[in-house]
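First residue of the sequence shown: 714, per our numbering; consecutive thereafter. For every residue, glycine included, the Cβ atom is placed at its ideal position computed from N, Cα and C. Below: the structure, in structure tokens.
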Amino acid sequence: MSAADPLPTTRRFRVYRYKRGDPGWRFDPFEVPVGPRTTVLDALRWIQLHRDRTLALRHSCFHASCGTCGMQVNGREALACVTLADPLGSTITVEPLANIPVLTDLVVDMGQVFARFPDEIGTVRMSEKPSRASPPDGIDTYERFEDCIECGLCLSACPVSATSDAYVGPAALAAAQRLLEEPRGVDPERILDWAGDPAGAWRCHVAFECTEACPSNVRPAERIMALRGALAAGRRTVATVTPG
Ligand code: SF4
Ligand code: FES
Numbered sequence: 714m715s716a717a718d719p720l721p722t723t724r725r726f727r728v729y730r731y732k733r734g735d736p737g738w739r740f741d742p743f744e745v746p747v748g749p750r751t752t753v754l755d756a757l758r759w760i761q762l763h764r765d766r767t768l769a770l771r772h773s774c775f776h777a778s779c780g781t782c783g784m785q786v787n788g789r790e791a792l793a794c795v796t797l798a799d800p801l802g803s804t805i806t807v808e809p810l811a812n813i814p815v816l817t818d819l820v821v822d823m824g825q826v827f828a829r830f831p832d833e834i835g836t837v838r839m840s841e842k843p844s845r846a847s848p849p850d851g852i853d854t855y856e857r858f859e860d861c862i863e864c865g866l867c868l869s870a871c872p873v874s875a876t877s878d879a880y881v882g883p884a885a886l887a888a889a890q891r892l893l894e895e896p897r898g899v900d901p902e903r904i905l906d907w908a909g910d911p912a913g914a915w916r917c918h919v920a921f922e923c924t925e926a927c928p929s930n931v932r933p934a935e936r937i938m939a940l941r942g943a944l945a946a947g948r949r950t951v952a953t954v955t956p957g
């Protein structure tokens with residue numbers, strides 16, 4: 714904080730708590746000093762350092778790139794590392810993502826998110842466009858393969874996922890649509906079969922909450938609609954979904 718910054722004010726954080734073996738979950742209150750640039754993740758780490766070292770949460774990159782700090786803040790899905798605390802009011806409620814089993818406190822079982830993706834989704838991807846890399850001869854430029862940071866916010870926001878564990882959810886269907894856009898050696902028929910399952914694209918209720926929640930402009934709802942179009946027409950390719 715610079716000398717020009719206003720002094721921090723105190724905000725009351727209500728933080729969801731649960732440890733294995735507890736009879737149930739609860740909210741713990743913490744008074745936290747918050748300045749104009751304090752993020753929710755900063756505040757939670759302050760609690761860890763100064764009030765309760767047992768508070769469990771996930772984070773890594775601090776800049777909306779790794780997808781690990783997803784949670785619900787005042788009832789809305791958010792990446793805690795880029796969510797400022799100051800505009801959120803005097804009481805800030807922090808909960809784990811919904812529709813994903815809670816392991817402890819704010820940590821959910823992301824393995825159950827990743828397991829929803831089609832088997833054809835590769836595990837090694839270029840996540841960013843390298844700014845100074847020189848493309849090899851014959852290639853104009855590198856392009857980002859995926860915008861999805863696999864944060865799970867869309868799954869948490871999805872009203873269908875709230876009522877059905879079987880539904881594969883927005884991120885997995887968006888990934889399938891990307892594979893049809895650019896198959897990279899994958900058999901499109903397998904993707905269509907996977908997406909056409911009763912737990913797939915037709916299960917969506919078109920609430921568009923996933924697109925609203927997505928911090929990475931993947932537009933999963935639009936991709937699910939494109940998948941449905943391909944399924945209805947029996948097409949091996951889909952309409953391209955461009956960033957909105
Ligand atoms: S589609 Fe968006 S909200 Fe869903 S996991 Fe990917 S980046 Fe997160
Ligand atoms: S810490 Fe990586 S997205 Fe928030």
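With a cutoff of 7 Å, Ser773 counts as near the ligand FES, since its C-beta is closer than that to a heavy atom of the ligand. Residue environment for Val728: buried (at least 16 other C-beta atoms within 10 angstroms of its C-beta).
Bounds of the alpha helix (DSSP H) holding Asp755 are 753-763. Closest in alpha carbon position to Val815, among Arg733, Val745, Val951, Cys861, is Arg733. Straight through space, the alpha carbons of Thr751 and Val795 are spaced by roughly 9 Å. From the listed residues Ile805, Ser773, Ser929, the smallest Cα separation to Asp741 is found for Ile805.
The C-beta separation of Leu792 from Pro928 comes to about 5 Å, placing the pair in contact by the 8 Å criterion. Counting C-beta pairs closer than 8 Å gives three or more between the stretch 873-889 and the stretch 909-916, which meets the contact rule. With fewer than 16 other CB atoms across the displayed protein chains lying within 10 angstroms of its CB, Asn930 is exposed.
For Asp878, no alpha helix (DSSP H) encloses it, and the DSSP letter there is neither H nor E. By the criterion of a C-beta distance shorter than 6 Å, Val954 is surrounded in its chain by Arg932, Glu935, Arg936, Ala939, once the five residues flanking it on both sides are discounted.
Looking at the DSSP output, Met938 bridges to nothing. Residue Arg903 holds the alpha-carbon nearest to the alpha-carbon of Leu944 among Ser773, Trp738, Arg903. In the structure shown, the three-state DSSP call for Ala791 is strand.
Rounded to the nearest angstrom, the gap between the Cα atoms of Thr767 and Leu819 is 11 Å. Membership of Leu810 in any beta strand (DSSP E) is not indicated, and neither H nor E is assigned to it by DSSP. The C-alpha of Leu720 is placed about 20 Å away from the C-alpha of Arg764. Bridge pairing for Phe830: absent [DSSP]. DSSP links Phe726 through a beta bridge to Phe743, Ile805. When DSSP states are grouped into helix, strand and coil, Leu720 belongs to the coil group.
For Met784, the pairing in a beta bridge is given by DSSP as Ala791.
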